[in-house]
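Structure first, commentary second.
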Amino acid sequence: MKNKTQKSKCSLLQKDKLIKKPVLQSKFNKNYYFGNIYSNYDEFLNWKEVAKDLIKRFKFNSFLDIGCGCGNLVKEIKKQKGKSADVYGIDASDFAVKKANISFVILADCQNLPFKDNYFDVVFILTTYSYLYSISDVRQAIREAYRVSRRIIIFEDVYDIPDKTSDNYDSCRQQFFSRKQWASFWKTFTKSDRIEICKYIGQGRFYNTIEIHKKYNNKKYET
Ligand SMILES: C[S@@+](CC[C@H](N)C(=O)[O-])C[C@H]1O[C@@H](n2cnc3c(N)ncnc32)[C@H](O)[C@@H]1O
């Protein structure tokens with residue numbers, strides 16, 4: 023017989039929306055996360071500190087990481103919050119999801135999230151949408167993130183025009199917008215008090231726009 027937790031998880035997940043054939047398997051492979059682009063994804067961020075910071079600042083019971091890579095952040099959040107927290111990550115990379123090797127990291131497309139409406143207190147998106155093929159894909163992904171979120175969406179994406187001569191040039195990236203442009207896409211769907219357009223400053227900390235301006239002490243910060 024199913025216990026209460028199992029029952030609620032079953033009703034949360036919309037199984038018909040799970041990816042059957044991994045769409046991006048060939049691009050986001052082992053070489054992507056542990057070679058060419060990230061030399062070692064496990065050490066890309068200080069996952070423990072990022073988790074600690076997010077938990078302290080946003081006080082959530084449910085959390086979704088959209089495009090969670092190998093699941094490092096959600097695993098750390100789950101570890102720190104304990105069993106009671108509902109934590110999920112989704113990614114379209116078969117390699118990443120297999121590497122995560124945990125039930126709460128799921129193979130799915132950010133344009134078709136397998137979760138019911140308004141489920142998550144916090145939805146986190148870090149450089150995932152720049153990999154989508156068109157603006158209409160970006161809009162659909164934003165719509166989906168908004169649909170499943172109840173409170174806050176934390177968003178950071180790619181703002182710079184890519185330098186093709188750089189060592190870590192990522193040819194998979196498709197969409198480049200300034201911070202202001204990304205913010206304006208979000209505004210179409212959600213009120214600004216529900217979205218934090220952030221920047222990772224290092225040492226496990228994301229800053230929102232006000233904090234960035236303070237940190238840079240009113241020096242012009244590129245938006
Ligand atoms: C640059 S990585 C970022 C990973 C993680 N968010 C981080 O910052 O460490 C981009 C991720 O987006 C995922 N991704 C790309 N297109 C996606 C899609 N349509 N749906 C879900 N995930 C996608 C890739 O598989 C990859 O793991």
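FYI, the numbering used here numbers position 146 of the sequence shown as 168, with every residue one higher than the one before it.
Glycine included, every Cβ here is placed at the ideal spot set by N, Cα and C.
Spatial distance of residue i from residue j (CA atoms)
i: lysine 26; j: aspartate 108; result: Reliability fails at lysine 26, whose pLDDT of 45 lies under 50, so the model's placement of it is uncertain and no value is given.
i: tyrosine 168; j: aspartate 189; result: 35 Å
i: aspartate 87; j: isoleucine 232; result: 23 Å
i: serine 61; j: valine 72; result: 19 Å
i: cysteine 220; j: arginine 201; result: 9 Å
i: alanine 114; j: alanine 130; result: 5 Å
i: tyrosine 63; j: phenylalanine 56; result: 6 Å
i: cysteine 194; j: tyrosine 54; result: 10 Å
i: tyrosine 13; j: phenylalanine 198; result: Only positions 23 to 245 of the chain appear in the structure, and residue 13 is not among them; the question remains open.
i: lysine 209; j: aspartate 38; result: 29 Å
i: phenylalanine 82; j: lysine 236; result: 26 Å
i: lysine 49; j: isoleucine 59; result: 11 Å
i: lysine 100; j: serine 206; result: 32 Å
i: serine 106; j: phenylalanine 85; result: 12 Å
i: leucine 34; j: lysine 213; result: 25 Å
i: glutamate 218; j: asparagine 123; result: 30 Å
i: isoleucine 223; j: glycine 104; result: 27 Å
i: tryptophan 204; j: valine 119; result: 27 Å
i: tyrosine 191; j: asparagine 51; result: 16 Å
heavy atom of ligand 1 below 7 Å from residue i C-beta
i: tyrosine 168; result: no
i: leucine 154; result: yes
i: phenylalanine 66; result: yes
i: alanine 114; result: yes
i: glutamine 162; result: no
i: glutamine 133; result: yes
i: alanine 118; result: yes
i: threonine 231; result: no
i: cysteine 220; result: no
i: leucine 76; result: no
i: phenylalanine 137; result: no
i: phenylalanine 56; result: no
i: phenylalanine 50; result: yes
i: leucine 148; result: yes
i: glycine 91; result: yes
Own chain residues within Cβ distance below 6 Å of residue i, not counting five before or after
i: serine 171; result: Phe142, Val145
i: glycine 111; result: Asp87, Cys90, Gly93, Val96, Val127
i: asparagine 140; result: Arg172
i: glutamine 36; result: Pro136
i: tyrosine 249; result: Since the first residue of the chain shown is 23 and the last is 245, residue 249 is not available in this structure.
i: asparagine 230; result: Glu218, Cys220
C-beta atoms of residue i and residue j nearer than 8 Å
i: aspartate 179; j: threonine 149; result: yes
i: arginine 216; j: isoleucine 175; result: yes
Cutoff 8 Å; reference residue i; Cβ partners in own chain excluding five residues on either side
i: glutamine 225; result: Asn68, Glu71
Contacting residues, own chain, Cβ-Cβ under 7 Å from residue i (five flanking each side not counted)
i: arginine 165; result: Phe211
i: tyrosine 153; result: Cys194, Arg195, Gln196
i: phenylalanine 66; result: Tyr60
i: arginine 227; result: Asp75
Checklist entry - Would you call the stretch 122-137 and the stretch 74-85 touching, i.e. three or more CB-CB distances under 8 Å? => result no
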